[in-house]
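The structure appears below as structure tokens.
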Amino acid sequence: MTSSSQTSAAPSPISVDVRLLGSLLGRVIREQHGDASFQLVEDIRTIAKARRSGDAQAAAALIAKIRSADLEQKNILIKAFSNYFQLINIAEDQERIRVLRRREEEGTLSEYLFDALEHLRAQGLSEMRVRQLFEQLRLRFVLTAHPSEAKRTEILVKLRHISQMMTQRERTAMLPRERKTWEAQLLEEIEELWQTRPIRSSQKSVSDEVEFGIYFLTTVIMDVVVDLYSELYDTLEQLYPEENWQDLHRLLRFGSWIGGDRDGNPNVTPEVTLQTLQTMRDAARRVYLEDLAFLEQHLTQRTDTLKDTRLDEAFPTVPDADSERFRTIIGKIRERLQADGYRSRIPLLNDLRLVQEVLRQNGGRRVAEGKLRRVIRKVRLFGLYLAPLDIREDARLHAQAIAEAFNRYGIASDYPNLPEAEKQALLLREIDSRRPLFPGDLSSFSEVTQRVVSTWRMVAEAHRRFSVGVIDTFIGSMSKQPSDVLTMLLLAQEAGVADNLDLVPLFETIEDLENAPRVMDALFSMPTYCRHLEKRRMRQQIMIGYSDSGKDGGYIASNWHLYGAQQQLADTCAQHGISLELFHGRGGSIGRGGGPTNRAILSQPPASLGGGIKITEQGEVIGYRYNNREIARRHLHQVMNAVILALGHASEYQVRPEWSAAMEQLSELGRQAFRSLVYENKHFIDFWQQATPINELSQLRISSRPAKRGNGEDFAAIRAIPWVFSWMQNRAIIPSWYGVGYAFQTYCEQNPQGLSTLQTMYQEWLFFRALIENCQLDVAKADMGIARLYAGLVDDQKMAEEMMGLIESEHRRTCEMICQITGQTTILGNSPALLKSIESRNPYVDPLNFLQVELLRELRALEPGSPEHAAVLDSVLATINGIAAGMKTTG
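In our numbering, each residue's number is its place in the sequence shown (first place is 1) plus 392.
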């Protein structure tokens, strides 16, 4: 395969990379399937490019060419274009890294640690003020197993190998024979990629997902985070040399939901969670054992004359006369770790720090502050369990379990229907009584109650078996009232873990976000709940959900209510003297709170940052951000830069009242437009289910979690991830922009200075700028021509035409209004590189959409369960994987 990015003279480095990878892929296609198959791929590519160039006959020619191909030929086309995007994504990453390195060398790189700290010093911030800032800075990224990563882990590993080889080529001067060997090895990797199934042949298990998270933690994240800390310390010592910065707390950490999130996933049992913790502990030990083996080979200093009583006491079996005492001691530490002799990181750190101190005092300063300090930092940051595991459960199941117990023991016969005030009084009485509520044997209780109580007891067992740090957060999803949080406190007390857990309400819908400050104010006014907070250092963690609020009210309403909830929750906590840690449940796509994390941080209310923040890293975002060390480093630098700047300038941040008033109006207008299509249009569900692959997505074996909550069949039961995923596949992408154009246009019609106000907001308010920029990206990616192809799958074509008319009209309106507000003549006119990337990808994504539409048409005409149906379904699922790679996002 070749690419339109080629030029005849002085090709750019990215063009060279694309040409090389494309030609090697083409060579593999020829070798595997012959010249005819390669020519078919080239013919489809040529016709797709002609269609994008305005050839009116090309669409019909493309459809005819695809329809004339048999299933085997279609599968070759799917693999060709899908693998092309996997490789081109690598080339684009290489170019991004190339640019970043050039800017760093030239001294023009922005949005990194040094940049932020130098800015604060230039603003006159003292050492004391910077230290205070770092006392506030707490950031934890939480990896999730949400089903939005379409690529298999095996594919991710191969792509990482190819990326590493491209980096080697970039930075190594090779002899001709070395270049020949390198190219043969690269061709081997591409051949393996071609011959590997792009989708799983069996449903993903929880253990598969756990290994997915461990892969990124141990291969990239651990080392990049240690490097970042080293850079942070060096920068602080350079800018503020009078202060000792080595005792900073853990500013940046990683956590995980994988194996702990049981909301809607019956496969995550107490036994599975305990096994997850053991698997993560084993993985951490493997990393440290490898590091210690490396140290053992290097700490070969002669120690014949070394006398130190501290070593004698700590390692009595190592004689003074040992000529390489440090090496022997490291060997003893490694043996103890191998035998799982360290219960927690503290005794391991103590042993390593003792060796470090003695080395430093005996002429080994460079070793002590080099290789050994790196291992010490890694252990300090990641412990013996890699990352703390959050537990999440549906608050409604908690209520069911408590209701059953209350009914059985005559405490309340109809607890679910009690007024909220009576529920609270009853729960507080039970919490204060401290009497056991559930017996040891739960067999006489319902399955739900057994599951709920066993989960809480599992937390206690995990704390006993490992340490209290392995699980420090319990989240109640769909929390709506104070009683939901009090129920968690009662269950935590019942299990004996209340003092060691953050009990976290998750507010998800628009209504829940509006009510969240009232709920928390009520809790903070209860002495019983405040006693729990005292055990947690007067700190309250609150999670806000981006996915369900977007599905509930559309893009503008979701973003504005999330913003308002953050500000009001920060105010409520401050009024009660409580430190707020906000947990942002952001997805990968714009419609689920995605977009650049640093932009999101800078645009949120600064008061919401003071107690620390947690942010989910979901699905394909993990692969894009953490499969390459330099991309991961850049991401973490940008985020830390944003947090430092936001905290450093919190007092300067002001939002004009007229801006808030405008957002209130826009939010309601956008919500009305979104709900008029999604909830009030009687044809919408039928159109969505036929004009997208939503039903087929449930067959994609990329997650252990079902696509629906419970057994619900209505729209509300559909999770936000497949909701967004399905619209990304048919290229309409309505969750991230539908209703935006209507809201902007109507606001301007109702307010004489409306457009001027919106333009000022865009120029001066980071929140509104981020809202526009994120929306603009998906508006640019959306393709009404491709969406119309999918509309052709709808049985009722009159209805389909009406629905497409609504969608196309709103897309045009959104494009026009964004351009008026931003002062552009075209969408993404202010980001030409991004626009070029989208435009250059379109001719290669389009064939996959044409293939998917044709295969969906075939599939829906076949008998489910037949061999033919299974074969075509596999091909449909492969197109889903390919389109996700081409769009660089799923759900």
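For glycine and all other residues, C-beta sits at the position ideal for the given N, C-alpha and C.
Notebook entry, point to check: So who's on the other strand from R931, going by DSSP bridges?
Noted result: DSSP, once it has assigned bridges, lists S971 as partnering R931.
Checklist line | Touching by the beta-carbon criterion (3+ pairs, under 8 Å), the segment 1118-1135 and the segment 1191-1206 | finding: Because the criterion of three Cβ pairs below 8 Å is met, the segment 1118-1135 and the segment 1191-1206 touch.
Checklist line | Exposed unless 16 or more other CB atoms sit within 10 angstroms - verdict on N1313 | finding: Missing from the structure shown is residue 1313; the chain here goes from 393 to 1283 and no further.
Item checked: CB contact flag (I902, H953, <8 Å) -> Yes. Within cutoff.
Margin query: Quick check on the burial criterion: 16 or more other C-beta atoms within 10 angstroms. Buried or exposed for A565?
Written below: With fewer than 16 other beta carbons inside 10 angstroms of its own, A565 counts as exposed.
Check: Do the segment 1048-1058 and the segment 579-587 touch if we need at least three Cβ pairs shorter than 8 Å?
Finding: Contact between the segment 1048-1058 and the segment 579-587 is absent: fewer than 3 CB-CB pairs across the two stretches fall below 8 Å.
Next item on the list: Decide yes or no for the touch test of the segment 960-973 against the segment 916-934: beta carbon pairs closer than 8 Å, at least 3 of them.
Entry: Contact holds: three or more Cβ-Cβ distances are below 8 Å.
Check: Roughly how many angstroms lie between the CA atoms of T701 and T610, to the nearest whole one?
Finding: For T701 and T610, the distance between alpha carbons rounds to 36 Å.
Item checked: Inter-residue Cα distance where the pair is R1293 and Y1236 -> No information on residue 1293 is available, as it lies outside the stretch 393 to 1283 that the chain covers here.
Note to self: Tell me the rounded alpha-carbon separation between A376 and R521.
What the structure shows: Given a span of 393 to 1283 for the chain in the structure shown, any question on residue 376 remains unanswerable.
Note to self: Checking 8 Å against the spacing of the C-beta atoms, do R769 and V618 come in under that value?
What the structure shows: In this structure, V618 lies closer than 8 Å to R769 by Cβ.
Check: Any idea what DSSP makes of K1006, helix, strand or coil?
Finding: In the three-state DSSP reduction, K1006 falls in the strand class (E or B).
Check: Who are the near neighbours of V679 in its chain, counting only those whose CB is closer than 7 Å to its CB and skipping five residues on each side?
Finding: Counting only Cβ-Cβ distances below 7 Å, and skipping sequence neighbours, we find T610, M614.
Check: Is the segment 1014-1034 close to the segment 617-631, with three or more CB pairs under 8 Å?
Finding: Enough Cβ pairs lie closer than 8 Å, so yes.
Check: Who does F867 pair with in a DSSP beta bridge?
Finding: Note on identity: in this sequence residue 867 is Ile, with Phe being the wrong assignment. Beta-bridge pairing links I867 to R784, V896.
Next item on the list: Throw me the rounded Cβ distance for the A787 and G868 pair, which I believe falls under 8 Å.
Entry: Yes, they are in contact, since the Cβ atoms of A787 and G868 sit about 4 Å apart, within 8 Å.
Margin query: Mapping the DSSP letters down to three states, classify T536 as helix, strand or coil.
Written below: If DSSP states are grouped into helix, strand and coil, T536 belongs with the strands.
Check: At least one CB of chain D closer than 8 Å to the CB of Q577: is that the case?
Finding: Included in the structure is just one protein chain, with no chain D present.
Check: Could you give the residue range of the alpha helix (DSSP H) that holds R645?
Finding: Per DSSP, R645 lies in no alpha helix (DSSP H) segment; the continuous beta strand (DSSP E) that holds it begins and ends at 644-648.
Notebook entry, point to check: Which residues in the same chain as Q1212 place their Cβ atom closer than 7 Å to its Cβ, once the five residues preceding and following it in sequence are excluded?
Noted result: Only residues of its own chain outside the window of five on either side were considered, and among them L1147 have a CB closer than 7 Å to the CB of Q1212, listed in chain order.
Item checked: Residue closest to E812, alpha-carbon to alpha-carbon, out of D655, L878, N475 -> Sorting D655, L878, N475 by C-alpha distance to the C-alpha of E812 places L878 at the top.
Item checked: G937 - partner residues in DSSP beta bridges -> Answer is G977, bridged to G937.
Checklist line | Contact check, T989 vs I1014, beta carbons under 8 Å | finding: Not a contact, by the Cβ cut-off of 8 Å.
Next item on the list: Please say whether H790 and L883 have beta carbons closer to each other than 8 Å?
Entry: Contact annotation: L883 and H790 have beta-carbon atoms nearer than 8 Å.
Next item on the list: Give the straight-line distance between the Cα atoms of D1325 and A779, rounded to the nearest whole angstrom.
Entry: Since the first residue shown for the chain is 393 and the last is 1283, residue 1325 is missing from the structure and cannot be characterised.
Check: Helix, strand or coil for A1099 per DSSP?
Finding: With a pLDDT of 47 at A1099, under the threshold of 50, the modelled position of that residue is not reliable, and no figure is offered here.
Note to self: Could you check if L492 belongs to the surroundings of the ligand NAD, using beta carbon to heavy atom distance under 7 Å?
What the structure shows: In the structure shown, the ligand NAD is absent, as is every other ligand, since no ligand is present at all.
Note to self: With H, G and I counted as helix, E and B as strand and the rest as coil, what does DSSP make of L531?
What the structure shows: If DSSP states are grouped into helix, strand and coil, L531 belongs with the strands.
Check: Exposed or buried, which one is Q431 when buried takes at least 16 other CB atoms within 10 Å?
Finding: It counts as exposed.
Margin query: Measuring straight from C-alpha to C-alpha, what distance separates Q1137 and E1208?
Written below: About 9 Å.
Check: So Q958 and P997 are in contact, right, with Cβ under 8 Å, and what is the actual spacing, rounded?
Finding: In this structure, Q958 and P997 form a Cβ contact; the two beta carbons are roughly 5 Å apart against a cut-off of 8 Å.
Item checked: Beta-carbon proximity list for L698, same chain, < 8 Å, skipping 5 on both sides -> So the qualifying residues of the chain are D712, R717, V750, N754.
Checklist line | Three-state class that DSSP yields for D1175 in the structure shown | finding: Of the three classes helix, strand and coil, the one that applies to D1175 here is coil, per DSSP.
Margin query: Using only CA atoms, which one of S1267, I1275, M1279 lies nearest to R589?
Written below: Taking the Cα of R589 as reference, the smallest distance to any Cα among S1267, I1275, M1279 is reached at S1267.
Next item on the list: State the start and end residues of the unbroken alpha helix (DSSP H) segment that holds M1032.
Entry: Unbroken alpha helix (DSSP H) run through M1032: 1021-1040.
Margin query: Taking the beta carbon of G946 as the centre, do at least 16 other beta carbons fall within 10 Å, making it buried, or is it exposed?
Written below: The residue in question, G946, is buried, as its Cβ has 16 or more Cβ neighbours within 10 Å.
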